[in-house]
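Contents: one structure, followed by commentary.
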Amino acid sequence: MIIKMDKCKRKSVAPIYSMCVQPSFIIGTNNEDGSHNFAPITWVSATQGEDDGYYLVISMFGTKRTKLNVIRTGMLSANLVSKDMLSLMDYFGSKHAKDGKKDDISYDVSRGEILDVPTLDASRWVYECEVVKSVENGESTTFFCRIRNIQIDERLAPKDIFDIDL
Numbered sequence: 049m050i051i052k053m054d055k056c057k058r059k060s061v062a063p064i065y066s067m068c069v070q071p072s073f074i075i076g077t078n079n080e081d082g083s084h085n086f087a088p089i090t091w092v093s094a095t096q097g098e099d100d101g102y103y104l105v106i107s108m109f110g111t112k113r114t115k116l117n118v119i120r121t122g123m124l125s126a127n128l129v130s131k132d133m134l135s136l137m138d139y140f141g142s143k144h145a146k147d148g149k150k151d152d153i154s155y156d157v158s159r160g161e162i163l164d165v166p167t168l169d170a171s172r173w174v175y176e177c178e179v180v181k182s183v184e185n186g187e188s189t190t191f192f193c194r195i196r197n198i199q200i201d202e203r204l205a206p207k208d209i210f211d212i213d214l
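Okay, so the sequence shown: first residue is 49 according to our numbering, each after it adds one.
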């Protein structure tokens with residue numbers, strides 16, 4: 049069977065555009081007053097860490113409260129966003145910490161099992177992380193984070209690292 053595909057007509061553009069498709073995460077941090085703060089971050093990846101472990105690599109731009117909290121505490125949670133959480137991600141992305149508490153909509157928060165970080169109860173896959181290194185480049189900071197714990201939905205039973213269906 050031969051499948052005929054139309055030829056795509058492409059054009060060259062400046063290297064200012066990016067289409068690095070990655071899963072979305074909502075990063076959870078602790079504010080100075082002990083309250084929680086969440087912000088959507090899409091620049092999240094993984095790399096080889098020390099020994100056999102992996103580091104979660106998270107890049108944040110600007111002076112957002114989430115970034116400042118990570119710099120101050122050295123800890124965060126990375127809550128993987130599934131389709132049913134898109135409205136929550138949109139809310140966190142449009143509501144800024146400088147405008148006050150993010151409590152206009154209802155969502156449930158728990159604490160990490162290993163680290164004292166806020167986690168979203170709706171997330172099916174949560175990383176609890178501590179920063180081991182940060183690299184600044186302009187207004188961006190990239191955090192290399194040791195994964196201290198991963199919490200996954202009890203209904204998930206991945207057979208290997210490529211067999212994950214949320």
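For every residue, glycine included, the Cβ atom is placed at its ideal position computed from N, Cα and C. Since the structure is predicted, the reported quantities are computational estimates derived from the model, not experimental observations.
Original post:
What whole-angstrom Cβ distance do R196 and E178 have, given they're in contact under 8 Å?
Top reply: 6 Å
**OP:** List the endpoints of the continuous beta strand (DSSP E) containing V92.
**Re:** 92 to 96
Original post:
Excluding the five sequence neighbours on either side, which residues of its own chain have a C-beta within less than 7 Å of the C-beta of F140, listed in chain order?
Top reply: Excluding positions up to five away in sequence, the list reads I74, F86, A87, P88, K150.
Subject >> Residue interval of the alpha helix (DSSP H) (run including Y139) >> reply: 134 to 142
Subject >> Whether I198 touches V180 by CB criterion (9 Å) >> reply: No; because the gap between Cβ atoms is not below 9 Å, this pair is not in contact.
**OP:** Write down the C-beta distance between D156 and D169 rounded to the nearest angstrom, noting that I regard them as a contact closer than 8 Å.
**Re:** About 4 Å separates the two Cβ atoms, so the contact holds.
**OP:** For I153, collect the residues of the same chain with a Cβ closer than 7 Å to its Cβ; drop the 5 residues on either side in sequence, then sort them by chain order.
**Re:** Y139
Subject >> Proximal residues to T121 (C-beta, below 8 Å), its chain only, five neighbours per side dropped >> reply: Counting only Cβ-Cβ distances below 8 Å, and skipping sequence neighbours, we find T77, N78.
Subject >> Alpha-carbon spacing of S171 relative to K59, whole angstroms >> reply: Looking at the two C-alpha atoms, the distance is approximately 39 Å.
Original post:
Does DSSP put T111 in a helix, a strand or coil?
Top reply: coil
**OP:** On a CA-only basis, which of M133, E98, K115 is nearest E80? Give me that one, please.
**Re:** K115
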